[in-house]
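Let me begin by presenting the structure, written as structure tokens, before commenting on it.
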Amino acid sequence: MMGFKASSLILASVAVVAMTSGCGSSSNSSGGASSSGTSSAASSSSGTPSSGSAGGTAGGAPANIATLQSYVGAKGKANKAPITIGYVNLQGGEPSAPEAYQAAQAATAALNNDLGGIQGHQVKLEACHIVSSEEQGQECGQQLVNDPTVKLVITGAVQIGADALHHTIGGRLPTISGVPLNVSDVTSPNAFALNAGLFGSTPGEVTYAVKTLHAKKVAVIGATDDPAAVRAVSTTIAALKAAGVQATRAGFPQTATDVVAPLEAANVASADAIIAIVITPPTVIATAKALVQLGVKAPVLGIGSVLTPQVQSGLGDFPKWTYNFVSLNPAVPDADGQIAAYAGVMKKYQPSAPLAGDSTFTFGAFMTTAKILNSMKGALTTANIAAAFKAFTGPGYLDPPNYKFGSIPIGPGLGSLESRFYTYSGSNHWSDATAGKWIGPS
13 MMGFKASSLI
23 LASVAVVAMT
33 SGCGSSSNSS
43 GGASSSGTSS
53 AASSSSGTPS
63 SGSAGGTAGG
73 APANIATLQS
83 YVGAKGKANK
93 APITIGYVNL
103 QGGEPSAPEA
113 YQAAQAATAA
123 LNNDLGGIQG
133 HQVKLEACHI
143 VSSEEQGQEC
153 GQQLVNDPTV
163 KLVITGAVQI
173 GADALHHTIG
183 GRLPTISGVP
193 LNVSDVTSPN
203 AFALNAGLFG
213 STPGEVTYAV
223 KTLHAKKVAV
233 IGATDDPAAV
243 RAVSTTIAAL
253 KAAGVQATRA
263 GFPQTATDVV
273 APLEAANVAS
283 ADAIIAIVIT
293 PPTVIATAKA
303 LVQLGVKAPV
313 LGIGSVLTPQ
323 VQSGLGDFPK
333 WTYNFVSLNP
343 AVPDADGQIA
353 AYAGVMKKYQ
363 PSAPLAGDST
373 FTFGAFMTTA
383 KILNSMKGAL
393 TTANIAAAFK
403 AFTGPGYLDP
413 PNYKFGSIPI
423 GPGLGSLESR
433 FYTYSGSNHW
443 SDATAGKWIG
453 PS
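According to my numbering, the sequence shown is numbered sequentially starting from 13.
Below, the structure is given as structure tokens:
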């Protein structure tokens, strides 16, 4: 049974999910729909099995493809009859993540051309895009469950429409979240998340502050007029105190532009570490400016989803903080070569797509899905696929190495609360703050 600290972290993570729903993910500000085979609200576009991508290029295999071939357990061209994977993403409105769909197209192309498909079958991508409403999530769910060829559904960045999507699917299709941004992503029947998503933010930050930084005094910053933020700050402070850490609170309204006074009152200058539970660009910018003005030298722990162009533009660069990532950071090479193989596939099949943010989540979800399905016993039925995901213990691709679905109280579809930390030193320079290790709550 989890102790008070771990259960407090879980409560805090749920509060962060509530706080960030609708705020967007790390790349949502890129805006607009993908130019390659995209669709209007709740309509579909199907990638051809031969390519899976409208943006692919001719020539040889992607660079470093051997790493992926070893991971999924197959190589070469797929030559059996196609199977269909549904893909749902939020794009065309605001927020929007068209790069996630580009990653889905690139992953499909690589599976068909270089990675032997899934059990030798070509993969056909049936995409349905949510633009701006919950109702469109329902429409996507209806479209996919009414197509008898669809074996499972993978979702990209779906901040809007996820609840309706899951409710409509109703467990009839295994639904795999590339990044869980909603409680329904991990509580719905036959729903599985391949990383901690927004549920991993607070657990990772508290564990990192206590066990890696060995902080004895921590200041926790958050908005005072956002109920979810207030709850997240309160439960984070409770978890810190349960670990024997002295914790102080610094709060201010979301509209505040000068927050020096509340941060100074919370003694941030004397803290060993600062946990910044700030999400919106204005609060991130105000917090970063105040910390610089106060001459704070202690490490500041932030959430990776705040790395948006608005923040970068408002400050001239991203804050020089240490950020929580629930997938590998594509800017930092990993020991297993997964980043290099991912970059090789994207360069060949979707060269215009960014590697960071929602691209990473979707690509990892497709490759982990391929590994699971290639390893499963029996026919590719929805029941067998769901059972294979439930039994999967890892490793994920670009995602955590260990999973135990059904073990985390938030929801049975959450298999890991582990995350990684990377320190940003400015001018696009990153370093691995956890020395290649994934960390999670005690």
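The beta-carbon is built from N, C-alpha and C at its ideal position, and this holds for glycine as well.
These figures come from a predicted structure and were not determined experimentally.
* Mapping DSSP to helix, strand and coil, what is V135? -> strand
* Just mark H141 as buried or exposed, buried being the case when its beta carbon has 16 or more other beta carbons within 10 Å. => buried
* Asked: Counting along the chain, where does the beta strand (DSSP E) carrying A285 start and finish?
  -> 285-289
* Terminal residues of the continuous beta strand (DSSP E) containing Y83? -> Under the DSSP assignment, Y83 falls outside any beta strand (DSSP E), being part of the alpha helix (DSSP H) whose first and last residues are 77-84.
* Please work out which residues of its chain come closer than 6 Å, Cβ to Cβ, to K92, disregarding the five sequence neighbours upstream and downstream, and give them in chain order. => G132, H133
* **Distance between T187 and G328 (C-alpha atoms, nearest Å)** => 39 Å
* Extent of the continuous alpha helix (DSSP H) run through L303 -> In this chain, the alpha helix (DSSP H) harbouring L303 covers 293-305.
* Tell me, which residues are paired with W333 by DSSP? -> In DSSP, W333 forms no bridge with anything.
* Asked: Quick one: what does DSSP say A45 is sitting in, helix, strand or coil?
  -> With a pLDDT of only 28 at A45, under 50, the local geometry of the prediction cannot be trusted, and the value read off the model is given with reservation. A45: coil per DSSP, three-state reduction.
* Asked: Exposed or buried, S37, counting other C-beta atoms within 10 Å across all chains shown (16 or more means buried)?
  -> Confidence at S37 is low in this model, with a pLDDT of 45, below 50, so its placement is unreliable and the value that follows should be read with caution. Label assigned to S37: buried.
* To do: Take every Cβ of the region 401-413, pair it with every Cβ of the region 196-215, and state whether three or more of those distances are shorter than 8 Å.
  => yes
* Determine the direct distance from the alpha carbon of V245 to that of P239, and round the result to whole angstroms. => 10 Å
* So, helix, strand or coil for N125, using DSSP? -> helix
* Provide the residue(s) that pair with F204 in DSSP beta bridges, ordered along the chain. => Looking at the DSSP assignment, F204 forms a beta bridge with I188.
* Considering only C-alpha positions, which residue in the set A382, I130, L392, G427 is nearest to K402? -> G427
* Own chain, CB closer than 6 Å to G425, minus 5 neighbours either side, in chain order -> V198, A203, F204, A205
* Apply the 10 Å Cβ neighbour rule to G68 and answer buried if 16 or more other Cβ atoms are within range, or exposed otherwise. => Because G68 sits at a pLDDT of 48, beneath the cut-off of 50, its placement in the model cannot be relied upon, and the point is left open.
* **Three-state secondary structure assigned by DSSP to L275** => helix
* Asked: What is the C-beta distance between G452 and P107, in whole angstroms, given that I count them as a contact (C-beta under 8 Å)?
  -> Actually they do not touch by this definition, with Cβ atoms about 28 Å apart.
* Which residues does DSSP pair with D444 in a beta bridge? -> Y434
* Asked: Expressed to the nearest angstrom, what Euclidean distance is found between the alpha-carbon atoms of S39 and A365?
  -> Interpretation of S39 is limited by its pLDDT of 42, a score under 50 that renders its predicted location unreliable; no figure is taken from the coordinates.
* Asked: When you compare each of K136, I351, H179, V308 to E151 by their alpha carbons, which one comes out closest?
  -> H179
* To do: Round the Cβ separation of V162 and L127 to the nearest angstrom and send it over; I've been treating them as touching at under 8 Å.
  => No, V162 and L127 are not in contact; Cβ-Cβ is about 20 Å, not under 8 Å.
* **Cβ-based burial, T463 [other Cβ within 10 Å; buried from 16]** => In the structure as shown, the chain begins at 13 and stops at 454. Residue 463 is therefore absent and cannot be evaluated.
* **I315: first and last residue of the uninterrupted alpha helix (DSSP H) it sits in** => I315 -> not in any alpha helix (DSSP H); beta strand (DSSP E) instead, spanning 312-315.
* Asked: Can at least three beta-carbon pairs, one atom from the region 367-384 and one from the region 105-122, be found at a separation below 8 Å?
  -> Segments in contact, yes.
* By how many angstroms is the C-alpha of G85 removed from the C-alpha of S145? -> 39 Å
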